Amino acid sequence: MKCRQIDEAYKMFDRMLKRDLVSWNTIISVYAQNGLARMALEFVVQMHEEGAWRPDSITIVSIFPAVVNIGMFVSRNLIIAGYVEGGNPEEAMEIFSEDVG
């Protein structure tokens, strides 16, 4: 996606009167996949601050490349906590089970 298309995606997102989890995950993914890691992370923070939506497994998967690109280390415990907080305890337990044996 070229910069102009990212800008267009943001304009569309910004004009939305109602944002759902799909729209948040889409804009986060657009920025993360195009090397704009800090912006992608800022959208996650903004989504959380607005309080309408909690990150889900798609959010985590979308943001992971962005986190890696800016040199941050994400521990499995943080991923597990994200799944639990996002209401996906089964996925958290699956990751935990892989760690334990």
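FYI, the UniProt record's numbering numbers position 6 of the sequence shown as 6, with every residue one higher than the one before it. All C-beta atoms in this analysis are idealised placements derived from N, C-alpha and C, irrespective of residue type, glycine included. Model, not experiment: these values are computed from the prediction.
Rounded C-beta distance between R54 and E94? I'm assuming under 8 Å. Numbered from 1 along the sequence shown, position 54 holds the residue referred to as residue 54. Numbered from 1 along the sequence shown, position 94 holds the residue referred to as residue 94. Contact flag wrong, Cβ pair sits at about 19 Å.
Given A92, which residues of its chain have a CB within under 7 Å of its CB, disregarding the five upstream and five downstream residues? Translated into the one-based positions of the sequence shown, residue 92 becomes position 92. Around A92, the same chain offers I80, Y83, V84 as residues with beta carbons nearer than 7 Å, after the five sequence neighbours per side are excluded.
Quick one: Cα of A32 to Cα of D7, how far? Residue numbering aside, residue 32 sits at position 32 when the sequence shown is read from its first letter. Residue numbering aside, residue 7 sits at position 7 when the sequence shown is read from its first letter. Computed Cα separation, rounded: 14 Å.
Distance between V30 and R38 (C-alpha atoms, nearest Å): Taking the sequence shown and counting its residues from 1, one reaches residue 38 at position 38. Taking the sequence shown and counting its residues from 1, one reaches residue 30 at position 30. Looking at the two C-alpha atoms, the distance is approximately 12 Å.
Is the beta carbon of V45 sitting closer than 8 Å to the one on I28? By one-based count along the sequence shown, residue 45 stands at place 45. By one-based count along the sequence shown, residue 28 stands at place 28. No, Cβ-Cβ distance for V45 and I28 is not below 8 Å.
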